[in-house]
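Read through the structure below, which is laid out as structure tokens, and then see the notes.
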Amino acid sequence: GLGWFRACARSAALRRALHRKRKRHAATYSILCLRFGHRRLALFIRQLHRYEAGMQRVMICGGPGSGKSTLARIMGERTGLPVYHMAPFHWKPGWIERTSEEKIPLIREVHARDAWIFEGGNSSTFAERAARADTMIWLDLPVTLRLFRVIWRTIRDQGKVRPDMAPDCPEGFHHETWRFWQYIWATR
236 GLGWFRACAR SAALRRALHR KRKRHAATYS ILCLRFGHRR LALFIRQLHR
286 YEAGMQRVMI CGGPGSGKST LARIMGERTG LPVYHMAPFH WKPGWIERTS
336 EEKIPLIREV HARDAWIFEG GNSSTFAERA ARADTMIWLD LPVTLRLFRV
386 IWRTIRDQGK VRPDMAPDCP EGFHHETWRF WQYIWATR
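Just so you know, the sequence shown maps onto residues 236 to 423 in the working numbering.
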């Protein structure tokens, strides 16, 4: 396996989940923290064949614009594991936000399965997913790079629905855009 790497855990829920996991299953659990992106991420993707045999439930975490969706798609293609993005659980078609009562059962249904690659946040189910995962990848990139990527993605994909989004949720500038950018800046 990958062995243990120190996670760049800023979340108390993540630290608690990892601590419980380490105590119970240290030999079967791997965590990888990829910092400052492109080179290390590219190296990891090139060497993915070394790690994929032990991967059945992979959790990919990181801030908006860190590359979670891209990495999940690449890993899904290489490993054959089904990929689940958090955005379709969070949004209904037309940018209508689901309530917690709607999305939590949907998320739990996925992470109860035997094999998956799950990317994204949702702090209310984070500890449960971390406990089920056998591999966690934490993408920790500088906030300026992440914000640049999200702004570029918004411009580049204007009017298009990204493959990791819910149906009828086109990328673009709308009432939530500025608030989302502020959230990215605040989560550094």
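For glycine and all other residues, C-beta sits at the position ideal for the given N, C-alpha and C.
Taking a C-beta distance under 8 Å as the contact criterion, W351 and P317 qualify as a contact pair.
Only residues of its own chain outside the window of five on either side were considered, and among them R381, T422 have a CB closer than 6 Å to the CB of G298, listed in chain order.
Contact annotation: D375 and P328 have beta-carbon atoms that are not nearer than 8 Å. With respect to the 8 Å criterion, P323 and A401 are classified as neighbours on the basis of their beta carbons. If you check the CB distance, V385 and W420 do not come in under 8 Å. Here DSSP, grouped into helix, strand and coil, assigns E312 to helix.
DSSP lists no beta-bridge partner residue for V396.
In the displayed model, W330 falls within coil according to three-state DSSP, outside both helix and strand. Short of 7 Å from the beta carbon of D399, and not among the five residues preceding or following it, lie these beta carbons of its own chain, in chain order: S304, H320, A322. Per the coordinates, the alpha-carbon of A307 lies some 13 Å from the alpha-carbon of M290. In the structure shown, H409 adopts coil according to DSSP, grouped into three states. Taking C-beta separations shorter than 6 Å and ignoring five residues to either side along the sequence, the partners of M310 in its chain run I352, following chain order. Take the alpha-carbon of L283 and the one of I390: they are about 31 Å apart. Setting aside the 5 residues that flank it on each side, C296 is surrounded in the same chain by W373, each with a C-beta closer than 6 Å to its C-beta; the list follows chain order.
Taking C-beta atoms under 8 Å as the contact rule, D369 and R292 qualify, at a distance of about 5 Å.
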